[in-house]
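**Student:** Top to bottom, those sequences are chains Z and W.
Sequential numbering from 1 applies to the first sequence in the working numbering.
Sequential numbering from 1001 applies to the second sequence in the working numbering.
Using N, Cα and C, we set each Cβ at its ideal position, and we do this for glycine too.
Protein chains: 2
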Amino acid sequence: MQIDAPIGVFDSGVGGLTVVREMIRQLPSENIVYFGDTARVPYGTKSRDTIISYSEQIVNFLMTKQVKAIVVACNTATSYALDVLKEKIDIPIIGVVRPGALTAVNTTRNGKVGVIATEGTVGSGIYPEVIREYNPDIQVIQKACPLLVSFVEEGWTDDPVTDEVARRYLRSVQNSGVDTLVLGCTHFPLLRKAIGKLVGDQVTLVNPAYETARSLKELLIKEGIYRETGEPSYHFFVSDGADKFSRFANSILPVDLVPTRLVPIENY
Amino acid sequence: MQIDAPIGVFDSGVGGLTVVREMIRQLPSENIVYFGDTARVPYGTKSRDTIISYSEQIVNFLMTKQVKAIVVACNTATSYALDVLKEKIDIPIIGVVRPGALTAVNTTRNGKVGVIATEGTVGSGIYPEVIREYNPDIQVIQKACPLLVSFVEEGWTDDPVTDEVARRYLRSVQNSGVDTLVLGCTHFPLLRKAIGKLVGDQVTLVNPAYETARSLKELLIKEGIYRETGEPSYHFFVSDGADKFSRFANSILPVDLVPTRLVPIENY
């Protein structure tokens, strides 16, 4: 019975859909309930206390959907709130930081890893902390790229202005000689092509969305709650702008969505 | 007694400070209580219902400060919520749209007025509506410029990339031959120099912040509650990131701020 329960996934808005996309590819029979906090996006510039309080409301909402596990599909929410959330619930919960950090550790040859992320994620210091936990000799070069989130939200993912802003943000990271670059914000895989062109073939891009889906699958199998067969169902909820969200989701997901529904998240 | 009561001013974040700046210049003895909804910024991309609900919470908060009047120092909140708020309270309340629209009507010579604003303000159609109320022959050309808000929030107000984005947004407005351009978002006066350079001397820029302060003064005098003399006091409240807000406010206001305080606005 619990095997058929859905997995809850949440993000500040649309960025977490890059994680859902990987989950649909790698865990094709799992049922998913997604919540995007589109009324209160962005999270990357907000304080720790605010992000924890928002994340708790969302987890309370997801628990009403009888989810069997939760994915925090937002780097900022993972950075600030994952540990607090773990204390509160007794189902498996994973974030996007640890899977991405571990992959970076396994990828780098020269011991220099770059991380591009929101101000919140960079300020929390979670990527350097987790990466050094695996290997204290690795040097981590971070760079906050807040405007790139706005460009993705505007749909300017393939645009010379976006390229110019990315080039400027990435300069210091490139100059430091990294051979591995973590896309430490779930919006950034949507800029993968532009970023890849900028840093060149000698730098490997790490997409935590991919690694998170893989870690989730391992975790579900270990817990004996992985849904291996059957048709999946997908339900999408947001705190504002359901139609705009649906259009965006339909453009990046490989499935047809049922209509997105609004949730008064402040009441949870 | 009521004359000494403060004026409540609110905005989604820092943009409304351009209105406060004008109020300090034009109404130098008035006491001001400002609320910036920095936890839920931006407003420009959110739905009508959400903006009304946020604005009502903020007005409830301001009423606890015994304000004698309220200024909605945000074009999006004015567009969606001003009429609803007027029904709810019995003190004077004004927005930024009508003063700006009236000035544009009095400024244009060729009957073509441009308005640059958020998606919400543009979508509400309030500027064309109010301008045509004054003069139905005026043609209004609108353009939503959502990324410019992000650039201001990042402090990239004097930057070639910002210029390029502004140039692109403004192209259609310029091609339509307007001689007057309303800065229909309280963030945009902070880009006045860049926008002015782009559109040239033949286009007059209208800053609703300036006109709003003037209208407010007239209104207070008419109501017999204008505070003409005495030292003013200023109090600033936000829903997140008080330190960041204080730094920004100190950089654009001509007064030294007392510390900004946090308000749990969802409880109002």
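Which residues in chain W sit within 9 Å of Val122/Z, going by Cβ to Cβ distance?
**Tutor:** By Cβ distance, chain W contributes nothing, its closest Cβ being about 14 Å from Val122/Z, past 9 Å.
**Student:** If you draw a straight line from the alpha carbon of Phe248/Z to that of Asp11/Z, how long is it in whole angstroms?
**Tutor:** 14 Å
**Student:** Can you tell which of Ala1005/W, Leu1027/W and Phe1061/W has its C-alpha closest to the C-alpha of Glu1266/W?
**Tutor:** Phe1061/W
**Student:** Please work out which residues of its chain come closer than 7 Å, Cβ to Cβ, to Asp1179/W, disregarding the five sequence neighbours upstream and downstream, and give them in chain order.
**Tutor:** Thr1108, Arg1109, Asn1110, Lys1112, Gln1202, Val1203 and Thr1204
**Student:** How would you label Ser1215/W, buried or exposed, when you count the other beta carbons within 10 angstroms and need 16 or more for buried?
**Tutor:** With 16 or more neighbouring CB atoms inside 10 Å of its own CB, Ser1215/W falls in the buried class.
**Student:** Classify Gly230/Z as helix, strand or coil using the three-state DSSP reduction.
**Tutor:** Taken through DSSP and simplified to helix, strand or coil, Gly230/Z comes out as coil.
**Student:** Check the C-beta distance from Thr118/Z over to Asn175/Z and give it rounded, since I have them as a contact under 8 Å.
**Tutor:** About 22 Å; that fails the 8 Å criterion.
**Student:** Could you compute how far the alpha carbon of Thr162/Z sits from the alpha carbon of Leu191/Z?
**Tutor:** 9 Å
**Student:** Is Lys46/Z close to chain W, meaning its C-beta is less than 9 Å from at least one C-beta of that chain?
**Tutor:** yes
**Student:** Grouping DSSP H, G and I as helix and E and B as strand, with all else coil, what is Asp4/Z?
**Tutor:** helix
**Student:** Following the continuous beta strand (DSSP E) through Ala1069/W, name the residue where it begins and the one where it ends.
**Tutor:** Counting along the chain, the beta strand (DSSP E) containing Ala1069/W begins and ends at Ala1069 to Val1072.
**Student:** Kindly say whether Pro1259/W, judged by its beta-carbon, lies nearer than 9 Å to any beta-carbon of chain C.
**Tutor:** Going by chain labels, chain C is absent from the structure shown, which instead holds the protein chains Z and W.
**Student:** Decide if Gln2/Z is buried, meaning its Cβ has at least 16 other Cβ atoms within 10 Å, or exposed.
**Tutor:** exposed
**Student:** With a threshold of 9 Å between beta-carbons, can Thr50/Z be considered close to chain W, or not?
**Tutor:** Against chain W, the CB of Thr50/Z has a partner CB under 9 Å away; the residue lies at that interface.
**Student:** Relative to the alpha-carbon of Lys65/Z, which residue among Pro42/Z, Pro6/Z, Arg132/Z and Ser53/Z has its alpha-carbon at the smallest distance?
**Tutor:** For Lys65/Z, the closest of Pro42/Z, Pro6/Z, Arg132/Z and Ser53/Z by C-alpha to C-alpha distance is Pro6/Z.
**Student:** Scan the region 31-104 of chain Z and note each continuous alpha helix (DSSP H) run of 4 residues or more that stays entirely inside, going in chain order.
**Tutor:** 48-63 and 75-88
**Student:** What's the call for Glu1228/W, buried or exposed, on a 16-neighbour Cβ count within 10 Å?
**Tutor:** exposed
**Student:** Terminal residues of the continuous alpha helix (DSSP H) containing Val1122/W?
**Tutor:** Glu1119 to Ser1124
**Student:** Would you tell me roughly how many angstroms separate the C-alpha atoms of Tyr210/Z and Val19/Z, rounded to the nearest one?
**Tutor:** 7 Å
**Student:** According to DSSP, is Leu257/Z helix, strand or coil?
**Tutor:** coil
**Student:** Can you tell me where the alpha helix (DSSP H) with Thr18/Z in it begins and where it stops?
**Tutor:** Leu17 to Gln26
**Student:** What span of residues does the beta strand (DSSP E) with Leu1205/W cover, start to end?
**Tutor:** Thr1204 to Val1206
**Student:** Since Pro254/Z and Ile32/Z are thought to touch, with beta carbons under 8 Å apart, how far apart are those beta carbons, to the nearest angstrom?
**Tutor:** The Cβ separation is near 13 Å, so there is no contact.
**Student:** Note down the Cα distance separating Asn1106/W from Val1152/W, rounded to an integer number of angstroms.
**Tutor:** 29 Å
**Student:** Which class does Gly224/Z belong to by DSSP, given the choice of helix, strand or coil?
**Tutor:** coil
**Student:** So, with DSSP's three-state summary, where would you put Val130/Z?
**Tutor:** helix
**Student:** At a CB-CB cut-off below 8 Å, which residues of chain W make contact with Arg40/Z?
**Tutor:** Ala1039 and Arg1040
**Student:** Quick one: what does DSSP say Gly1196/W is sitting in, helix, strand or coil?
**Tutor:** helix
**Student:** I need the straight-line Cα distance from Gln1139/W to Val1206/W, nearest angstrom please.
**Tutor:** Each residue's alpha carbon lies about 16 Å from the other.
**Student:** Could you check what DSSP says for Thr1180/W in three-state terms: helix, strand or coil?
**Tutor:** strand
**Student:** Can you tell me where the beta strand (DSSP E) with Ile141/Z in it begins and where it stops?
**Tutor:** Gln139 to Ala144
**Student:** Please look up how many angstroms separate the CB atoms of Met63/Z and Ile94/Z, rounded, as I've assumed it's under 8 Å.
**Tutor:** Between Ile94/Z and Met63/Z the Cβ distance is about 16 Å, and since that is not below 8 Å, they are no contact.
**Student:** From the DSSP output, read off the bridge partner residues of His1235/W.
**Tutor:** Val1033/W
**Student:** If you draw a straight line from the alpha carbon of Glu154/Z to that of Ile1126/W, how long is it in whole angstroms?
**Tutor:** Their backbone Cα atoms lie some 23 Å apart in a straight line.
**Student:** Just checking: is the beta-carbon of Ser1012/W within a distance shorter than 9 Å of some beta-carbon in chain Z?
**Tutor:** At least 9 Å separates the CB of Ser1012/W from every CB of chain Z.
**Student:** Compare the C-beta of Glu1154/W with all C-beta atoms of chain Z and state if any pair is closer than 9 Å.
**Tutor:** At a cut-off of 9 Å between beta-carbon atoms, Glu1154/W makes contact with chain Z.
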